[in-house]
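S.K.:
Residue numbers (UniProt numbering): 1 to 108.
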């Protein structure tokens, strides 16, 4: 969640993609947990052989979910690469690098 916010406000698609990946991992894990709990149910009138076949359905859903999210990330990444990006002026880069170096070594 924090990655997504930092990526949005910092204009970093890498952080946004990482947040999407983390979110899909969470949802995939929840789907698997649901499938495992449901598969443990005993056989009943509607399902005389038990509920174990739901594992296949959950697997297909997880794969489709992950494939879709990764496809969206790849598409957006390609679109982002093709956009013309503004390069900061050299003075800003130089001054921020100098200040970063000063802070790192506590030189005032």
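Built from N, CA and C at the ideal position, the CB exists for glycine as well.
Note that the structure is predicted; figures quoted are calculated from it, not measured.
#1: Does the distance from the CB of residue 28 to the CB of residue 66 come in under 8 Å?
#2: If residue 60 and residue 35 are in contact, beta carbons under 8 Å, what's the gap, nearest whole angstrom?
#3: Using a threshold of 8 Å, state whether the C-beta atoms of residue 8 and residue 20 are closer than that.
#4: At the level of alpha carbons, what is the spacing between residue 104 and residue 97?
#5: May I have the straight-line CA-CA distance separating residue 23 from residue 100, to the nearest angstrom?
M.R.: Quick look at the numbers:
#1: Taking the chain shown and counting its residues from 1, one reaches residue 28 at position 28. Taking the chain shown and counting its residues from 1, one reaches residue 66 at position 66. With contacts defined as CB atoms closer than 8 Å, residue 28 and residue 66 qualify as a contacting pair.
#2: Here the question's residue 60 lines up with position 60 in the chain shown. Here the question's residue 35 lines up with position 35 in the chain shown. About 10 Å separates the two Cβ atoms, so there is no contact after all.
#3: Residue numbering aside, residue 8 sits at position 8 when the chain shown is read from its first letter. Residue numbering aside, residue 20 sits at position 20 when the chain shown is read from its first letter. The beta carbons of residue 8 and residue 20 sit no closer together than 8 Å.
#4: To locate residue 104, count along the chain shown from 1; it is residue 104. To locate residue 97, count along the chain shown from 1; it is residue 97. Roughly 10 Å between the two C-alpha positions.
#5: As a working note, residue 23 is residue 23 in the chain shown. As a working note, residue 100 is residue 100 in the chain shown. Straight-line Cα distance between these residues: approximately 32 Å.
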